[in-house]
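Take a look at the structure below.
Chains as they are written, first to last, in full-length UniProt numbering: chain A, 1 to 529; chain B, 1 to 247.
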């Protein structure tokens, strides 16, 4: 699903990009000219807050060993790509700043100028090359076959024929498998799910990039057979910024020739014969794989099932779940305020407005109710910039949820307004009130009582739908759950904690609505007709 | 003080009012009677423009509103001015259920006339005293009997200091004894010189309390005059038929 959205967003960007092709081509032309001119023109670093800032993006959720949350120190990022970006930034005289973005949003964010570059194990395939500019490869690796320890024989692609093999979607490994034996390929979004399905027997084997195989393999699994294929990762830049690409490329060259890249990779146990061939650096590694051993030890400690390990783990989750809950609550509450206000305006327009107004409000409700919220979220965040409207992820999240729920609220309120007897409006008009006064003082307060229970329902639904804003980089509760559970392979404990957090966030609103209902129920009682 | 000229109204091609004219003098109590569907309620509602007549003109005090069938914003403004002189009471009371009796009476003076809360409360209490509801002024409408609700509705209309009161079948939803509570309030107002137009099915009230009775049939005023004369000796066959079936 995630990868499908990624492809969709890529396509959307391509489409809108085509619209502004002239501007881009022009910018590219001048940038190229600048890059060739001997005194280098100042670099354009999109997203930078000052001339030292160097923002770069990756999806740091369960992305071991590329860029990920350090399980030993929650709140700190680590990974071999993270270390590499620190080194590159330092060489450029800048401060590297990691920007979290979901996999699907990485490239769109690039074309929105949210950050300067993306590094996330992106394979340099022709499709990807069509969408972005790539640096030279910073890592070259191979695919490996992973089996359960007791399994024998299946150590080549040919031997795998007829066996169910899992891999990650839209990767070189997937393409290899599809060419070979398409009927038995199972493609996954999440590495964690892939490996647990191998362990529990749904899969016979896994074919996957070697770094992932190394880091996700537990003791009951083994890597077998010779390396297969060749995978090259590149750093991605927007098409209109070749100047920055060239600058990073040259730094990358320096890091290769002076052994810095070698050291970084060796610390992560990722320096391979392929890298030695690619860089021409055949010297033995001078450092121990400390990052690798630290990670393995931490995971053993953290994912242990002893009570102590579990308590330790769950306590360390609390701050993350807390901040996820705050984000969920913030987005939902603001969106509900917007939905209530706008829903009321729409309902009044539909119930009492003049013909064109009524018609427009009806059209809005039908369109917004009739299209998926996910599309609306993506459209508002990635689509609107094409029309010159750039919103922060938070604003875009609140706006898309609020505008969506306004359509539902409008229909609730309309039903509520229509449930107020006609005589109420007539009595108010006969008392010389204006239409607006009659609505405000007489009709709306009575309508409100009938819609409170439905509104409570809607708010709970909105609270849960707010998980969709994770596609535009907001780390709310659901995103926190995905990250924690897939980092520690713990779906039950984490799930209970996050579920509890949702309940805790939602319950106060249910109570509040009950109180309002009771209060108004006493006042309005049963009506008198 | 109220003058209606040539009021006509059709609903979906059905002619309900066929050009009715009426001249009301200050202090008169006029009962409008007639068979169901004769247009008497519609006529009353045309007088304060709850219904927009297709043609005709209504003047109350110094405000005149003419209807040519083409309703414009200026006409609505004019109708709004006219309503400041006209109070109305409905068959189904139409009290605001989310407000207490006292608040029902205070709401329009405060919101429409921008009266201070203290002043509005003073007036409201006086009126509620007058209609015999001082003891229940802090109740919500659903805790009141039908007769009490209708008296509260009268007090609510009076609080706007209208110069004419319109009653649309004020006692049709009430038992006879509760009706009497309401009718006695209307008689008392008549004694104070209030101008009142009452659409009613209560022939005893029409005969005993009215200064003038209008008999309507098929969208027209067929006969009008002194109640004793008309009830004792109706001129028109339609009036005779109607009264015979009722009495």
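We treat Cβ as the ideally placed atom computed from N, Cα and C, and that holds for glycine.
Using a Cβ-Cβ cut-off of 7 Å (strictly less than) and excluding sequence neighbours within five positions of residue i, which residues of its own chain qualify?
| i | result |
| --- | --- |
| residue 8 of chain B | 17, 18, 19, 53, 54, 55 and 56 |
| residue 119 of chain A | 56, 58, 81, 85 and 235 |
| residue 193 of chain B | 27 |
| residue 120 of chain B | 106, 109 and 110 |
| residue 235 of chain B | 223 |
| residue 413 of chain A | 343, 344, 347, 447 and 451 |
| residue 39 of chain B | 16, 17, 216 and 219 |
| residue 156 of chain A | 225 |
| residue 185 of chain B | 131, 151 and 154 |
| residue 368 of chain A | 403, 404 and 407 |
| residue 153 of chain A | 159 |
| residue 269 of chain B | In the structure as shown, chain B begins at 1 and stops at 247. Residue 269 of chain B is therefore absent and cannot be evaluated. |
| residue 26 of chain A | Here the model assigns residue 26 of chain A a pLDDT of 38, short of 50, so the residue's position is not dependable, and the following value carries that caveat. Closer than 7 Å at the Cβ level, and outside the excluded window around residue 26 of chain A, lies no residue. |
| residue 43 of chain A | 243, 244 and 247 |
Which same chain residues, not among the five before or five after residue i, have their C-beta less than 8 Å away from its C-beta?
| i | result |
| --- | --- |
| residue 174 of chain B | 146, 147, 150 and 182 |
| residue 71 of chain A | 295, 298, 299, 302, 487 and 488 |
| residue 38 of chain A | Low confidence applies to residue 38 of chain A: its pLDDT is 44, below 50, so where it sits in the model is not reliable enough to give any reading. |
| residue 251 of chain A | 88, 91 and 92 |
| residue 240 of chain B | 234 |
| residue 162 of chain A | 181 and 184 |
Please identify the residue among the options whose C-alpha is closest to the C-alpha of residue i.
| i | options | result |
| --- | --- | --- |
| residue 388 of chain A | A:254, A:113 and A:274 | A:113 |
| residue 332 of chain A | A:403, A:371 and A:375 | A:403 |
| residue 84 of chain B | B:215, B:12, B:162 and B:13 | B:162 |
| residue 197 of chain B | B:212, B:207 and B:184 | B:212 |
| residue 24 of chain B | B:12, B:39, B:128 and B:58 | B:58 |
| residue 282 of chain A | A:267, A:485 and A:257 | A:257 |
| residue 337 of chain A | A:463, A:518, A:137 and A:483 | A:463 |
| residue 49 of chain B | B:32, B:78 and B:37 | B:78 |
| residue 379 of chain A | A:168, A:469, A:293 and A:290 | A:469 |
| residue 290 of chain A | A:284, A:274, A:275 and A:267 | A:267 |
| residue 428 of chain A | B:153, B:115 and B:128 | B:153 |
| residue 150 of chain A | A:238, A:209 and A:205 | A:205 |
| residue 472 of chain A | A:364, A:390 and A:69 | A:390 |
| residue 61 of chain B | B:1, B:70, B:44 and B:242 | B:1 |
| residue 94 of chain B | A:66, A:60, A:128 and A:442 | A:442 |
| residue 170 of chain A | A:125, A:73, A:274 and A:350 | A:125 |
Tell me, which residues are paired with residue i by DSSP?
| i | result |
| --- | --- |
| residue 223 of chain B | B:215 |
| residue 32 of chain B | B:199 and B:214 |
| residue 171 of chain B | Answer by DSSP bridge pairing: none, since residue 171 of chain B is not bridged. |
| residue 439 of chain A | DSSP lists no partner for residue 439 of chain A. |
| residue 248 of chain A | In the DSSP output, where bridge partners are listed per residue, residue 248 of chain A has none listed. |
| residue 157 of chain A | According to DSSP, which records beta bridges pairwise, residue 157 of chain A is partnered with nothing at all. |
| residue 242 of chain B | Note: residue 242 of chain B sits in no beta bridge, so no partner. |
| residue 78 of chain B | DSSP output for residue 78 of chain B lists no bridge partner at all. |
| residue 4 of chain B | B:22 and B:58 |
| residue 145 of chain A | A:207 and A:224 |
| residue 167 of chain A | A:187 |
| residue 242 of chain A | DSSP, once it has assigned bridges, lists no residue as partnering residue 242 of chain A. |
| residue 55 of chain A | A:97 |
| residue 65 of chain B | B:58 |
| residue 233 of chain A | A:123 and A:139 |
| residue 11 of chain B | B:14 |
Spatial neighbours of residue i within its chain, please: CB distance less than 6 Å, with the 5 preceding and 5 following residues excluded, ordered by chain position.
| i | result |
| --- | --- |
| residue 31 of chain A | Legend: pLDDT at residue 31 of chain A = 42, less than 50; position of this residue unreliable, value from coordinates given subsequently. Hits under 6 Å: 242 and 243. |
| residue 179 of chain B | 171 |
| residue 339 of chain A | 402, 405, 406 and 409 |
| residue 419 of chain A | 450 |
| residue 526 of chain A | Annotation note: pLDDT 40 at residue 526 of chain A (below 50); position unreliable, coordinate value reported separately. Result list for residue 526 of chain A: empty, nothing under 6 Å. |
| residue 515 of chain A | none |
Beta carbons nearer than 8 Å to chain A: which residues of the region 60-83 of chain B have them? 80 and 83: these are the residues of the region 60-83 of chain B whose beta carbon lies less than 8 Å from some beta carbon of chain A, given in chain order.
Residues, ordered as in the chain, of the region 105-117 of chain B that lie near chain A by beta-carbon distance below 8 Å: Against chain A - using a Cβ distance shorter than 8 Å - the residues of the region 105-117 of chain B are 107, 108, 111 and 112.
Under 9 Å (Cβ pairs) to chain A, residues found in the region 36-62 of chain B: Sequence-ordered contacts of the region 36-62 of chain B with chain A read 45, 48, 49 and 50 [C-beta pairs closer than 9 Å].
Check each residue of the region 85-96 of chain B: if its Cβ is closer than 8 Å to any Cβ of chain A, include it; give the result in chain order. Within the region 85-96 of chain B, the qualifying residues are 86, 87, 88, 90, 92, 93, 94, 95 and 96.
When Cβ atoms are compared, which residues of the region 434-462 of chain A fall closer than 8 Å to chain B? Listed in sequence order: 434, 437, 441, 442, 445, 446 and 449.
In the region 158-182 of chain B, which residues sit with their C-beta less than 7 Å from some C-beta in chain A, listed in chain order? For the region 158-182 of chain B, the set of residues with a beta-carbon nearer than 7 Å to any beta-carbon of chain A comprises 160, in chain order.
Give me the subset of the region 390-423 of chain A whose CB atoms are less than 7 Å from a CB atom of chain B, sorted by chain position. Listed by position along the chain: 423.
As an exercise, report each continuous alpha helix (DSSP H) stretch of at least 4 residues that is fully enclosed by the region 334-404 of chain A, in chain order. Within the region 334-404 of chain A, the alpha helix (DSSP H) runs of at least 4 residues that lie entirely inside it are, in chain order, 355-370 and 373-378.
Counting only runs of 3+ residues fully inside the region 61-136 of chain A, write out the beta strand (DSSP E) ranges in chain order. The beta strand (DSSP E) runs of length 3 or more contained entirely in the region 61-136 of chain A are, from start to end of the chain, 95-100.
Ranges of the alpha helix (DSSP H) found wholly within the region 108-152 of chain B, counting only runs of at least 4: Those alpha helix (DSSP H) runs which fall completely within the region 108-152 of chain B and span 4+ residues are 117-130.
Of all the residues that make up the region 120-140 of chain B, which are near chain A by a beta-carbon distance shorter than 8 Å? Residues 140.
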